[in-house]
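Scroll down for the structure; my scribbles are underneath it.
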Amino acid sequence: MARIHVTTTINGEPMEFLCEPQQSLLDALRNNLGLTGTKEGCGTGDCGACSITFDGRLTCSCLVLAVEAEGHEIGTIEGMAQGETLHPLQRKFLEMAALQCGICTPGVLIAARALLEKNPDPTETEVRFGLAGNLCRCTGYDKIVRAVMETAAEMRETAS
Amino acid sequence: MAETASATHVRHGSSIGQPLTRRDGVLKVTGQARYAADNHPPGMLHAALAVSSIARGRVAALDVAAARAHPGVVEVMTPANRPPLAQDPDDKNGPFVFRMEALQDDRVRYAGQPIAVVIAETLEAATEGAALLAPRYEAEAVETGLDASDVFIPQMVGPGAPAEARHGDVEAGLAAAERRVEATYETPAQYHNAMEPHAIVAAWEGDRLTVDTPSQGLAWAQERIAGLLGLPPENIHIRSPFLGGGFGSKGVISGPQVLGILAARLVGRPVKLVLRREQMYGPVGHRGPTRQTLRLGAGEDGGLTALHHHVRTATSRFDDFLEPAASVSHTLYAAPAIATTYDAVRLDTGTPLFMRAPGEASGSIALESAIDEMALECGMDPLEFRLRNYAEVEPMSGKPFSSKALRECYAQGVARFGWAGRPLQPRQMRDENGLLVGWGLGTATFPALMFQGQARAVIRRDGTALAETGAHDMGQGAWTALAQLAADSLGLEIDQVEFRSGDSRLPDAGIAGGSSHTATAGIALHHAGADAIAKLTELAMADQRSPLFGAGNMGVVARNGRLLRRDDESRGESYADILTRAGLAEIEGRGTGAMDPAVPEHYATHSHGAVFAEVKIDPELGQIRATRLVGAFAAGRIVNPRLVRSQYYGGMIWGVSFALHEQAVMDKCSGRVMNANLGEYHVPVNADVPSLEAILVEEHDPHVNPLGIKGVGEIGITGTAGAVANAVWHATGVRVRRFPIAIEKLLV
Chain A
0 MARIHVTTTI NGEPMEFLCE PQQSLLDALR NNLGLTGTKE GCGTGDCGAC SITFDGRLTC
60 SCLVLAVEAE GHEIGTIEGM AQGETLHPLQ RKFLEMAALQ CGICTPGVLI AARALLEKNP
120 DPTETEVRFG LAGNLCRCTG YDKIVRAVME TAAEMRETAS
Chain B
0 MAETASATHV RHGSSIGQPL TRRDGVLKVT GQARYAADNH PPGMLHAALA VSSIARGRVA
60 ALDVAAARAH PGVVEVMTPA NRPPLAQDPD DKNGPFVFRM EALQDDRVRY AGQPIAVVIA
120 ETLEAATEGA ALLAPRYEAE AVETGLDASD VFIPQMVGPG APAEARHGDV EAGLAAAERR
180 VEATYETPAQ YHNAMEPHAI VAAWEGDRLT VDTPSQGLAW AQERIAGLLG LPPENIHIRS
240 PFLGGGFGSK GVISGPQVLG ILAARLVGRP VKLVLRREQM YGPVGHRGPT RQTLRLGAGE
300 DGGLTALHHH VRTATSRFDD FLEPAASVSH TLYAAPAIAT TYDAVRLDTG TPLFMRAPGE
360 ASGSIALESA IDEMALECGM DPLEFRLRNY AEVEPMSGKP FSSKALRECY AQGVARFGWA
420 GRPLQPRQMR DENGLLVGWG LGTATFPALM FQGQARAVIR RDGTALAETG AHDMGQGAWT
480 ALAQLAADSL GLEIDQVEFR SGDSRLPDAG IAGGSSHTAT AGIALHHAGA DAIAKLTELA
540 MADQRSPLFG AGNMGVVARN GRLLRRDDES RGESYADILT RAGLAEIEGR GTGAMDPAVP
600 EHYATHSHGA VFAEVKIDPE LGQIRATRLV GAFAAGRIVN PRLVRSQYYG GMIWGVSFAL
660 HEQAVMDKCS GRVMNANLGE YHVPVNADVP SLEAILVEEH DPHVNPLGIK GVGEIGITGT
720 AGAVANAVWH ATGVRVRRFP IAIEKLLV
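Chains as they are written, first to last, in numbering that gives the first Met the number 0: chain A, 0 to 159; chain B, 0 to 747.
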């Protein structure tokens, strides 16, 4: 089958890859590009483990075809830290141990970042509903919510 | 174990008990933690399982030619060309060996059973190839549900406990009772649904095999795979540094994992096989359904006179795992007469398996509901009734508890929750929006178990150390808690100890199950460290140049990388100096962790807790929300309170899920799970979960093991599930006895 050439931006870096027309973006990230930080939990958009940002918008990468990335900006967990410097959310999750097995963690962090970019001062309920699409079976929900709330407060303080 | 413990020169307390954050945290928050499916060895192919859409019968035809002709497909593996196994996968040659489907024949035993494997250059080609197989079946009638025919009485339940147990005369106790409750509760089949699907990457080199696969029991897995393949265990190398959750379903090697290995054998290249979510509702275990009848008798004073806990459960048609749901009644309440009995049916499903809090989770929600029903019958507050029937010794066995701070759990939980003033009668409380409010209580309990594990500790000439054991971190925090235990065992700071784990080449750490892993692997590390320190001490004491010369066997303390004289701590020297002078690069210690057989002979060993729940229910719509949970747990020595709290929270949310959310719905005609996906198999999401509080109640257990460690990973489910169910009754006055409690069951 003819492979398709895709030109896109991943984590701020221009990127080109070849993929098959029916490949999901999740599969292309993991298998063609070696970006295995994005996880597959269900393949049906139910669990949020494969969360990425697509032009800044929170998206399940299992529901997007790889070819759709053409000309768009993709954000994955691998681009969340700036070099050695962790994103404030990553730092807080680490500090509060707001993670357990860690499979949902990349998706939760991507979703939390997208949430705070839209709403830097969310209520607890807004965080709980904002992250309702990211399943954690272990389950670390309470610590996740607290970590996001605390990070939001810190980021607001830094910004002001 | 006492022989090495007695010679310990180690001081504890510097790392154990500290709320350290996770040592695997950076890898996990940056996406760098490598789970099984993240591996991609050169030349690797992708495999896709084709699974049966019928639940019983045989595969009559597969269009192998169509699948093989699909672009990118390399091979199709069916019973016709599947490489031979040295052992029949249906042989049962050990207590924890389960029969599995590895394409041994054309039989179909349940829906979702593997019937072929398609191996291709890409995942897409493999998946499409599997779809092209278009199987045709000879289907037979299926048995589903707890009313299936051919009821039998099992001899054993769970991993091998006697099914029937009796203490005292239950019928006499019931006859003499002034109050009686008889009620039947049902719990559905549930599926583990770890967020990480079962995955395997298998690579052969001659007759040596390397596999990346999540495992809760590396040594078991290695032995099972070696047996099936007819190879020595040392030829099988399993790497499992991180599991994306396990909950029991990764405790034993399953058919799909073996098929991944055989696929790699067949094509002569590494193969990756990852289950699709819907394929996790068959070959990798589930919590068996139960129907539990509780018969309780009590006197006027609220004292129980008898407790009969009967369980109907189900196993598969071809193997046995029977949910030991009644065992909770052996432990929890002081009835003078207790009987637990079982019967079971065989269904056309995959074999059930242990799932987080096996037995206790299902049994506890029924028992705690029935206890509340009896408290009401007696006109007593649920807490008062539980205290009236507090078990000072384990009721079934009469043995004392190795430790039991349950009274303190009740006291701290009740104060924190604000239970006082709770009306006895239901439907008495509303919030400011007119929602019905209910408060419920449940007692939590889970056995404190240990498997057997080994560890190795090495003190190096530079004063640092290595500690290793093939432990399993499925999220509970083994990488952190075990490193803390290792550091203390060696008298070193945690950063001076390199800790290795998660690999079958390391000493067998036992099983990450039964809430026993920290105790088992931790005690092994504790003894390994003590052994290394003891050898180092002998070295120093025998050397006239050492300030420790002649200090005497028990006269030495290890702390901060130095050995010190106990009677004069100004006299001592560093590990590095001792080894350097002796001309040794390192000194090695080994240790075993296992429960002293004398302990269970003399004591009942359990963790306990008390969980208080608040629910709010819309009186018109029946919509239920758990709004507040407080759990107080006593589980012996707490190695890392930060991570233990995560375990309690996780268990408590599973309890909410048990009471309100999850169930597998089986189609009675086809035998298929109708909601085999995460959209329709409901698990709680962030928005379902209230603010939680877990109180760590101090408890010193001088008996259970040398460090007094009990388990924390499963107990949170128990107690919580019943507390939520009782709160729903208290809010509405409707006692739902079929779980999960859903809106339609309240609108009566």
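Ideal placement from N, C-alpha and C gives every residue a C-beta, glycine not left out.
Assumed close pair residue i, residue j - CB separation to whole angstroms, cut-off 8 Å
{"i": "residue 271 of chain B", "j": "residue 449 of chain B", "result": "So it is not a contact: roughly 35 Å between Cβ atoms."}
{"i": "residue 142 of chain B", "j": "residue 148 of chain B", "result": "7 Å"}
{"i": "residue 60 of chain B", "j": "residue 113 of chain B", "result": "Not really, about 17 Å apart at Cβ, beyond 8 Å."}
{"i": "residue 325 of chain B", "j": "residue 388 of chain B", "result": "The Cβ separation is near 17 Å, so there is no contact."}
{"i": "residue 47 of chain A", "j": "residue 118 of chain A", "result": "Residue 47 of chain A to residue 118 of chain A, Cβ: 18 Å. No contact."}
{"i": "residue 457 of chain B", "j": "residue 615 of chain B", "result": "About 56 Å separates the two Cβ atoms, so there is no contact after all."}
{"i": "residue 703 of chain B", "j": "residue 604 of chain B", "result": "5 Å"}
{"i": "residue 262 of chain B", "j": "residue 118 of chain B", "result": "5 Å"}
Span separating the alpha-carbon of residue i from that of residue j
{"i": "residue 257 of chain B", "j": "residue 54 of chain B", "result": "21 Å"}
{"i": "residue 428 of chain B", "j": "residue 626 of chain B", "result": "14 Å"}
{"i": "residue 52 of chain B", "j": "residue 50 of chain A", "result": "31 Å"}
{"i": "residue 291 of chain B", "j": "residue 740 of chain B", "result": "16 Å"}
{"i": "residue 543 of chain B", "j": "residue 563 of chain B", "result": "15 Å"}
{"i": "residue 168 of chain B", "j": "residue 641 of chain B", "result": "45 Å"}
{"i": "residue 236 of chain B", "j": "residue 96 of chain A", "result": "31 Å"}
{"i": "residue 744 of chain B", "j": "residue 712 of chain B", "result": "31 Å"}
{"i": "residue 477 of chain B", "j": "residue 638 of chain B", "result": "11 Å"}
{"i": "residue 426 of chain B", "j": "residue 494 of chain B", "result": "56 Å"}
{"i": "residue 589 of chain B", "j": "residue 107 of chain A", "result": "41 Å"}
{"i": "residue 172 of chain B", "j": "residue 302 of chain B", "result": "11 Å"}
{"i": "residue 547 of chain B", "j": "residue 491 of chain B", "result": "19 Å"}
{"i": "residue 365 of chain B", "j": "residue 103 of chain A", "result": "32 Å"}
{"i": "residue 453 of chain B", "j": "residue 40 of chain A", "result": "33 Å"}
{"i": "residue 648 of chain B", "j": "residue 127 of chain A", "result": "16 Å"}
{"i": "residue 469 of chain B", "j": "residue 231 of chain B", "result": "18 Å"}
{"i": "residue 489 of chain B", "j": "residue 464 of chain B", "result": "8 Å"}
{"i": "residue 731 of chain B", "j": "residue 163 of chain B", "result": "36 Å"}
{"i": "residue 359 of chain B", "j": "residue 145 of chain B", "result": "19 Å"}
{"i": "residue 185 of chain B", "j": "residue 368 of chain B", "result": "12 Å"}
{"i": "residue 84 of chain B", "j": "residue 228 of chain B", "result": "5 Å"}
{"i": "residue 267 of chain B", "j": "residue 103 of chain B", "result": "20 Å"}
{"i": "residue 473 of chain B", "j": "residue 244 of chain B", "result": "5 Å"}
Host alpha helix (DSSP H) of residue i (start-end)
{"i": "residue 18 of chain A", "result": "Looking at the DSSP string, residue 18 of chain A is not in any alpha helix (DSSP H); the run it does join, the beta strand (DSSP E), is 12 to 18."}
{"i": "residue 335 of chain B", "result": "Residue 335 of chain B -> no alpha helix (DSSP H), and no H or E assigned at all."}
{"i": "residue 226 of chain B", "result": "217 to 228"}
{"i": "residue 749 of chain B", "result": "Here chain B comprises residues numbered 0 to 747, so residue 749 of chain B is not present and cannot be evaluated."}
{"i": "residue 117 of chain A", "result": "104 to 117"}
{"i": "residue 303 of chain B", "result": "Segment 303 to 315 is the beta strand (DSSP E) holding residue 303 of chain B; no alpha helix (DSSP H) there."}
{"i": "residue 266 of chain B", "result": "254 to 266"}
Residue i: first and last residue of the uninterrupted beta strand (DSSP E) it sits in
{"i": "residue 638 of chain B", "result": "Note, residue 638 of chain B: premise wrong, no beta strand (DSSP E); not H, not E."}
{"i": "residue 90 of chain B", "result": "From DSSP, residue 90 of chain B is part of no beta strand (DSSP E); its letter is neither H nor E."}
{"i": "residue 613 of chain B", "result": "605 to 616"}
{"i": "residue 742 of chain B", "result": "Counting along the chain, residue 742 of chain B falls outside any beta strand (DSSP E), though it belongs to the alpha helix (DSSP H) covering 742 to 745."}
{"i": "residue 130 of chain A", "result": "Run containing residue 130 of chain A: none; DSSP gives neither H nor E here."}
{"i": "residue 749 of chain B", "result": "The displayed coordinates of chain B run from 0 to 747. Any statement about residue 749 of chain B would go beyond what the structure contains."}
{"i": "residue 137 of chain B", "result": "135 to 138"}
{"i": "residue 452 of chain B", "result": "452 to 459"}
{"i": "residue 144 of chain A", "result": "Segment 140 to 158 is the alpha helix (DSSP H) holding residue 144 of chain A; no beta strand (DSSP E) there."}
Residues bridged to residue i (per DSSP)
{"i": "residue 193 of chain B", "result": "DSSP output for residue 193 of chain B lists no bridge partner at all."}
{"i": "residue 161 of chain B", "result": "B:155"}
{"i": "residue 113 of chain B", "result": "B:50"}
{"i": "residue 184 of chain B", "result": "B:291"}
{"i": "residue 72 of chain B", "result": "B:119"}
{"i": "residue 204 of chain B", "result": "B:207"}
Jot down the residue ranges of each uninterrupted alpha helix (DSSP H) in the stretch 536 to 585 of chain B, minimum 4 residues, whole runs only, in chain order. 574 to 581
Pick out the complete alpha helix (DSSP H) segments inside the stretch 23 to 95 of chain A, 4 residues or longer, and give them in chain order. 87 to 94
Unbroken alpha helix (DSSP H) runs of length 4 or more, entirely within the stretch 337 to 424 of chain B: which are they? 359 to 376, 381 to 387, 405 to 416
Identify every run of the alpha helix (DSSP H) within the stretch 466 to 511 of chain B, keeping only runs that are complete inside it and at least 4 residues long; order them along the chain. 477 to 488
If we require 3 or more residues per run, which beta strand (DSSP E) segments fall completely within the stretch 685 to 741 of chain B? 690 to 695
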